[in-house]
Amino acid sequence: LPALPPFTPPSQPALMPPPTLPPSSPPSTPDIHIWPTTIYAGVPSTIQLDGTALPTNAIVAFVAAIQPGCAGALQAVAEAGGGGGVVRDGVVNVQLREAVEHKLCISHESAPIFEAVAGVTLVVVLAPPPSPPPSHPPLVPPPPPLTPPPPSSLPALPPFTPPSQPALMPPPTLPPSSPPSTPDIHIWPTTIYAGVPSTIQLDGTALPTNAIVAFVAAIQPGCAGALQAVAEAGGGGGVVRDGVVNVQLREAVEHKLCISHESAPIFEAVAGVTLVVVLAPPPSPPPSHPPLVPPPPPLTPPPPS
Numbered sequence: 001l002p003a004l005p006p007f008t009p010p011s012q013p014a015l016m017p018p019p020t021l022p023p024s025s026p027p028s029t030p031d032i033h034i035w036p037t038t039i040y041a042g043v044p045s046t047i048q049l050d051g052t053a054l055p056t057n058a059i060v061a062f063v064a065a066i067q068p069g070c071a072g073a074l075q076a077v078a079e080a081g082g083g084g085g086v087v088r089d090g091v092v093n094v095q096l097r098e099a100v101e102h103k104l105c106i107s108h109e110s111a112p113i114f115e116a117v118a119g120v121t122l123v124v125v126l127a128p129p130p131s132p133p134p135s136h137p138p139l140v141p142p143p144p145p146l147t148p149p150p151p152s153s154l155p156a157l158p159p160f161t162p163p164s165q166p167a168l169m170p171p172p173t174l175p176p177s178s179p180p181s182t183p184d185i186h187i188w189p190t191t192i193y194a195g196v197p198s199t200i201q202l203d204g205t206a207l208p209t210n211a212i213v214a215f216v217a218a219i220q221p222g223c224a225g226a227l228q229a230v231a232e233a234g235g236g237g238g239v240v241r242d243g244v245v246n247v248q249l250r251e252a253v254e255h256k257l258c259i260s261h262e263s264a265p266i267f268e269a270v271a272g273v274t275l276v277v278v279l280a281p282p283p284s285p286p287p288s289h290p291p292l293v294p295p296p297p298p299l300t301p302p303p304p305s
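The letter at position 283 of the sequence shown is residue 283 when you use the working numbering, and the numbering goes up by one with no holes.
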């Protein structure tokens, strides 16, 4: 038999290189901007905020960038003139004391939890020292004393006596309440006037250190509105200092006490503690004036002599 030709394997087609994937776009940051981005430490400053990602009625806080997450944000908002508050007309007033870089933390009433905004920082620097006072020229000797003018012929005016203000009626006395159950927290007074700045004293073994308190309408579910009350300047709560907190409540309704502290920045209602806000009595009417006496009739001239 004739010999078979040598076996030649079929040629394999060349493999095509895998398709190249398009480069991935960098992660987008929320559209929120602030201005200015640098302020002085300890100097009251106004920060402008804008952007499509800025929620309505936002509550913002600036905390040190080295802090984990937004630790300290609630404390910054609760401090009067501190590190945050409610954004009104696109601005918020702050006064930061640490000369470090700060991050922006944001919250709003529908989700009262602070979250850091990526890529937005506020740098706080030390203010320059004040300029030295200008050197004064040598003092000029004082002029000779003036000769006093002659006494005036006009009679002296009587001393001014301010009109007496009508005293506010005392708030209505509430019936004694039953002893509060745990937790052991008490407030005084328990009744204040609506719209009048008031100082509330707090004590009790269950009052945490550096407590942040808020008074919200008792009809609200849970502590809804507590963060908003604290963030409003001169509003419904703040940090308890030396056992007191200053408030100015505008709704004449019964309020519940909500409490939080930095280790657990969530507000919880305190059972059995209420603050009653009543309308202030109207001012007394001004005293009525006596009727005017009619002028005397004109004198008849004497007959001619």
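Glycine included, every Cβ here is placed at the ideal spot set by N, Cα and C.
*Distance, residue 204 Cα to residue 222 Cα*: Spanning the two alpha carbons is a distance of roughly 22 Å.
Review point. Excluding sequence positions up to five away, which residues of its chain have a Cβ less than 8 Å from the Cβ of residue 185?
Key: Closer than 8 Å at Cβ, skipping near neighbours: 202, 203, 204, 206, 207, 257, 259, 270, 273.
- request: Within the region 261-292, note down every full alpha helix (DSSP H) run reaching 4 residues or more, in order along the chain.
  value: Scanning the region 261-292 from its first residue to its last, no whole alpha helix (DSSP H) run of 4-plus residues comes out.
Strictly by DSSP, which residues pair up with residue 385? Absent from the model: residue 385. The displayed extent of the chain is 1 to 305, so no value can be given.
### Query
At what residues does the alpha helix (DSSP H) containing residue 74 begin and finish?
It spans 73-78 - the alpha helix (DSSP H) in which residue 74 sits, taken as one unbroken run.
| request: Measure the C-alpha to C-alpha separation of residue 46 and residue 91 and round it to an integer number of angstroms. | output: For the pair residue 46 and residue 91, the Cα-to-Cα distance works out to about 7 Å.
Q) Taking just the CA atoms, how far does residue 51 sit from residue 33? A) Between residue 33 and residue 51, the C-alpha separation is close to 6 Å.
How far does the alpha helix (DSSP H) with residue 227 in it extend, from its first residue to its last? Its alpha helix (DSSP H) spans residues 226-231.
query: So what does DSSP say about residue 52, is it helix, strand or coil?
result: The DSSP-derived three-state label of residue 52 is coil.
Is there contact here, the region 283-303 with the region 223-232, by at least three beta-carbon pairs under 8 Å?
Judged by Cβ distances under 8 Å, the region 283-303 makes no contact with the region 223-232, as fewer than three pairs qualify.
For this session: Mark residue 135 as exposed unless 16 or more other C-beta atoms lie within 10 angstroms of its C-beta, in which case mark it buried.
Result: Answer is exposed; the Cβ neighbour count stays below 16.
Can you list, in chain order, the residues of its chain with a C-beta nearer than 8 Å to that of residue 280? Leave out the 5 residues immediately preceding and following it. The beta carbon of residue 280 is closer than 8 Å to those of 168, 193, 194, 195, 196 in its chain, skipping five residues each way along the sequence.
- Do residue 243 and residue 212 have their C-beta atoms closer together than 9 Å? Here residue 243 is not near residue 212, since their CB atoms are 9 Å or more apart.
Task: For residue 277, the nearest candidate out of 250, 122, 43, 299 (CA to CA) - done: Among 250, 122, 43, 299, the Cα nearest to that of residue 277 belongs to 250.
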